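Line by line, the protein sequences are chains S and F.
With the first letter of the first sequence counted as 1, position 49 gets the number 49 in our numbering; the numbers rise by one all the way through.
With the first letter of the second sequence counted as 1, position 166 gets the number 166 in our numbering; the numbers rise by one all the way through.
Heads up, the thing below is written out as structure tokens.
Number of protein chains: 2
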Amino acid sequence: MIDPSVPLPKYLQLRALLLDTISRLPMDALIPSERELCRRFNVSRTTVRQAVDQLVVEERLRRVPGKGMVVARPPNRFQSFADDMHALGMSASCVDLGTQTIEADADLADLLGTAPGAPVHVLHRLRLADGQPMAVERSYIPAALAPDLFERRRPGGSLFKALEREFGIVTDTGDQTIEAGPATDNEAEPLDIPQGGTVFHLRRRTFSRGACAELTFSTYRADRYRIHLGLKP
Amino acid sequence: MIDPSVPLPKYLQLRALLLDTISRLPMDALIPSERELCRRFNVSRTTVRQAVDQLVVEERLRRVPGKGMVVARPPNRFQSFADDMHALGMSASCVDLGTQTIEADADLADLLGTAPGAPVHVLHRLRLADGQPMAVERSYIPAALAPDLFERRRPGGSLFKALEREFGIVTDTGDQTIEAGPATDNEAEPLDIPQGGTVFHLRRRTFSRGACAELTFSTYRADRYRIHLGLKP
DNA sequence: AAGTGGTCTAGACCACTTT
DNA sequence: AAGTGGTCTAGACCACTTC
Numbered sequence: 001m002i003d004p005s006v007p008l009p010k011y012l013q014l015r016a017l018l019l020d021t022i023s024r025l026p027m028d029a030l031i032p033s034e035r036e037l038c039r040r041f042n043v044s045r046t047t048v049r050q051a052v053d054q055l056v057v058e059e060r061l062r063r064v065p066g067k068g069m070v071v072a073r074p075p076n077r078f079q080s081f082a083d084d085m086h087a088l089g090m091s092a093s094c095v096d097l098g099t100q101t102i103e104a105d106a107d108l109a110d111l112l113g114t115a116p117g118a119p120v121h122v123l124h125r126l127r128l129a130d131g132q133p134m135a136v137e138r139s140y141i142p143a144a145l146a147p148d149l150f151e152r153r154r155p156g157g158s159l160f161k162a163l164e165r166e167f168g169i170v171t172d173t174g175d176q177t178i179e180a181g182p183a184t185d186n187e188a189e190p191l192d193i194p195q196g197g198t199v200f201h202l203r204r205r206t207f208s209r210g211a212c213a214e215l216t217f218s219t220y221r222a223d224r225y226r227i228h229l230g231l232k233p
Numbered sequence: 001m002i003d004p005s006v007p008l009p010k011y012l013q014l015r016a017l018l019l020d021t022i023s024r025l026p027m028d029a030l031i032p033s034e035r036e037l038c039r040r041f042n043v044s045r046t047t048v049r050q051a052v053d054q055l056v057v058e059e060r061l062r063r064v065p066g067k068g069m070v071v072a073r074p075p076n077r078f079q080s081f082a083d084d085m086h087a088l089g090m091s092a093s094c095v096d097l098g099t100q101t102i103e104a105d106a107d108l109a110d111l112l113g114t115a116p117g118a119p120v121h122v123l124h125r126l127r128l129a130d131g132q133p134m135a136v137e138r139s140y141i142p143a144a145l146a147p148d149l150f151e152r153r154r155p156g157g158s159l160f161k162a163l164e165r166e167f168g169i170v171t172d173t174g175d176q177t178i179e180a181g182p183a184t185d186n187e188a189e190p191l192d193i194p195q196g197g198t199v200f201h202l203r204r205r206t207f208s209r210g211a212c213a214e215l216t217f218s219t220y221r222a223d224r225y226r227i228h229l230g231l232k233p
């Protein structure tokens, strides 16, 4: 199970094994005790605690003194559109408006951190909440990270889930800029709002292990949408 | 220095001592080595590492293998308006438009987590960037937390700094909602924009040890302002 | 009473940087 | 060569929960 000869430290090997176990378990499930893990993997308790500590920081496990360790809710993944709408009590749906694969120009390459001219997948979508238009989105994904994305992706499904399940890309950080202003005619039409109506312009990048995995420009109807953020120092 | 009889664990006592040291040191300063701290405070290396580990997670310290431990940049405090503007390359200033102390109505009490009728300080400010109006803000602070806030606060100075320095209130979490829409006449006038110009409406709450310390409604000119966010899962 | 996580000790060897 | 952080061991006692 744990190979002392492998260059990866024992506690990280153990963490990976625990993560695999956790992912198959329901929330609040009790996992084996620290001392039991020591016996089972033949490592010291310090090593077990080092592995567990990290999972606790990552909010995958909770310690319960006197009881044991239980599986915690998955950490806040980046808000998918569907989750976002459900939190507001609305149903979410999505219409694909088109896909293509282009070569990155200088600006796009700069934002994605790829070489200029590198192939990039583009996904154009209309987001609906309770059946009414809420946003239009244009997503860019470096083709090197997900070569046959459009063949493997379930149309209308979550882009994040496809990246994670089909290509093993788990996003870990991101950045976002938010602007507001009047909609252009091109934007107003699919959103079903008057020309010049107020919209949010969002630009979001999400990163996986230091590389930009996804760049999305969204235009949200400001009359229907409100952004909620939790802040941590 | 470290008292084994006190109920607080040694590693937390040590963490507090280190935090005090760190706060007086410039960024990238080298602090004593782990083994030196063991000798100096007469604790085991495990205990030292436990204290340091926490400060590393909190981004107050960085470890440099082979070198030592250095003071890291202070963690992202909540963006003060001044910091926000400086990041955009603009100078920031502030004009106090008035202060008063009121009794919380039901809505305000709900948002602040105080009892209805509890006294609340209100601070009304105009924010300027490069000398031009950028935002108007209305801040509410439970008077119980900062009784003589208006006597002790430096006019035009940072509210957060005053709460921290004068009342020991350090904010640890927060939430924020962002809307966009046309400005009302009341808002447009001090911001020096046309009636109906696009503005951001921000509502931010910051918490200190579980209690709301501050509630601020801001109206930002959308033609000059852009929101930047770092995202973590 | 037995088991759990929480804290703590006193060592050890490694890869790395500095001198 | 000396010092540093990174990893690891094999114990220990405590407060707590469960039986």
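All residues carry an ideal CB built from backbone N, CA and C; glycine is no exception.
Bear in mind that the values here come from a model prediction, so they are computed numbers and not experimental data.
Between the CA atoms of residue j and residue i - distance to the nearest angstrom
i, j, result
"T237 of chain S", "Q195 of chain S", "In this structure chain S extends from 1 to 233, so residue 237 of chain S is not present and cannot be described."
"F217 of chain S", "I102 of chain S", "16 Å"
"Y225 of chain S", "E179 of chain F", "7 Å"
"L88 of chain S", "E189 of chain S", "24 Å"
"G197 of chain F", "G197 of chain S", "11 Å"
"T177 of chain F", "G181 of chain S", "17 Å"
"F200 of chain F", "I2 of chain F", "50 Å"
"G234 of chain F", "C212 of chain F", "Missing from the structure shown is residue 234 of chain F; chain F here goes from 1 to 233 and no further."
"Q50 of chain S", "P4 of chain F", "24 Å"
"F81 of chain S", "L128 of chain S", "9 Å"
"F41 of chain S", "Y220 of chain S", "51 Å"
"N186 of chain F", "H228 of chain S", "25 Å"
"F150 of chain S", "L55 of chain S", "34 Å"
"E214 of chain S", "K161 of chain S", "13 Å"
"V6 of chain S", "D20 of chain S", "19 Å"
"R35 of chain F", "V64 of chain F", "15 Å"
Strand pairing of residue i, partner residues [DSSP]
i, result
"V199 of chain F", "F:G181 and F:R221"
"P142 of chain F", "F:V120"
"Q132 of chain S", "S:A129"
"V95 of chain F", "F:L126"
"L61 of chain S", "S:V71"
Contact with chain F by residue i, beta-carbon distance below 7 Å
i, result
"A222 of chain S", "yes"
"R226 of chain S", "yes"
"G230 of chain S", "yes"
Among the options, the one whose alpha carbon lies nearest that of residue i
i, options, result
"A109 of chain S", "S:S91, S:N186, S:I141 and S:H86", "S:I141"
"P116 of chain S", "S:L123, S:V122 and S:A106", "S:A106"
"H124 of chain S", "S:A144, S:V136, S:D53 and S:A213", "S:V136"
"R205 of chain F", "S:T206, S:P182, S:M134 and S:L231", "S:L231"
"S208 of chain S", "S:A146, S:E34 and S:E59", "S:A146"
"M85 of chain F", "F:L111, F:D130, F:L61 and F:R60", "F:D130"
"T46 of chain F", "F:V122, F:D175, F:L14 and F:L128", "F:L14"
"D96 of chain S", "S:S158, S:A51 and S:D83", "S:S158"
"R73 of chain S", "S:P65, S:V57, S:K67 and S:G66", "S:V57"
"T173 of chain S", "S:I22, S:Q132 and S:G210", "S:G210"
"V43 of chain F", "F:G68, F:P65 and F:K10", "F:K10"
"K67 of chain F", "F:V48, F:V170, F:L30 and F:R35", "F:L30"
"R60 of chain F", "F:L17, F:Q100, F:D83 and F:S91", "F:L17"
"D148 of chain S", "S:M134, S:F167 and S:I193", "S:F167"
Contact with chain S by residue i, beta-carbon distance below 7 Å
i, result
"D185 of chain F", "no"
"Q54 of chain F", "no"
"I178 of chain F", "yes"
"F200 of chain F", "yes"
"D175 of chain F", "yes"
"G181 of chain F", "yes"
When you check each C-beta in the segment 126–152 of chain F against every C-beta of chain S, which residues fall closer than 8 Å? none
Name, going along the chain, the residues of the segment 57–69 of chain F whose beta-carbon falls closer than 7 Å to a beta-carbon of chain S. V57
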